[in-house]
Amino acid sequence: MSTMKDKSRREVSKTLLASKNISITKPRLLLLEILLAQNRPLTVEQVVKLSKGRIALSSLYRVINDLRELSVIAEFQTPDNIKVIELIGHDDTHHHHIFCGSCGSVTDFEITDQLETDLEKEIQKIEDKYALSVISHSLELLSLCVRCQEK
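See the structure below:
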């Protein structure tokens, strides 16, 4: 039996795929629903576990590749070279990441509007100095999470 939240996530997922003119398939919907439900970056292994066997690993890699190429999800590496994926563009929030150097957990965080403005100004100076055009930026912090500090 699906809950209202499940139905809402499914509708958001369908709308997101339709807005990018991407065919709606069960594996794509499942991945997006998992990412929406968790609301944080996940490893492929975490997605497989959360899917409870409803998506084959080979299908998952294809779906990740397809959705990454269409800018629906982002894929990045943690400082210890673990690939992580997250949904982008569904809520228009720009955020950054905190990585735990011990367990590899990833936490999203936002900075103040003032700090973001100051950062954009610095990026503009870098663009001018090096005659380039920055497409995007990300602030990443390497830390030791609360759980790992307690160990």
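The sequence shown: position 107 = 114 (the numbering used here), numbered continuously. Here a beta-carbon is modelled for each residue, glycine too, at the ideal position from N, C-alpha and C. Keep in mind it's a predicted model, so treat the numbers as computed, not measured.
Exposed or buried, what is residue i when buried is set at 16 or more other beta-carbons lying within 10 Å of its beta-carbon?
{"i": "residue 78", "result": "exposed"}
{"i": "residue 62", "result": "buried"}
{"i": "residue 107", "result": "buried"}
{"i": "residue 104", "result": "buried"}
{"i": "residue 71", "result": "buried"}
{"i": "residue 112", "result": "buried"}
{"i": "residue 147", "result": "exposed"}
{"i": "residue 41", "result": "buried"}
{"i": "residue 154", "result": "exposed"}
{"i": "residue 136", "result": "exposed"}
Between which two residues does the beta strand (DSSP E) holding residue i run?
{"i": "residue 113", "result": "113-116"}
From the DSSP output, read off the bridge partner residues of residue i.
{"i": "residue 84", "result": "90"}
{"i": "residue 147", "result": "104"}
{"i": "residue 50", "result": "91"}
How far does the alpha helix (DSSP H) with residue i in it reach, from first residue to last?
{"i": "residue 78", "result": "It is not in any alpha helix (DSSP H) - residue 78 carries neither H nor E in the DSSP assignment."}
{"i": "residue 38", "result": "33-45"}
{"i": "residue 153", "result": "153-157"}
{"i": "residue 124", "result": "120-137"}
The region 58-67 touching the region 24-38, judged by at least three CB pairs closer than 8 Å: By the Cβ rule, the region 58-67 counts as touching the region 24-38, because three or more pairs are nearer than 8 Å.
Cβ pair count under 8 Å reaching 3, the region 116-132 against the region 77-95: By the Cβ test, the region 116-132 is not in contact with the region 77-95, since fewer than three Cβ pairs between them sit closer than 8 Å.
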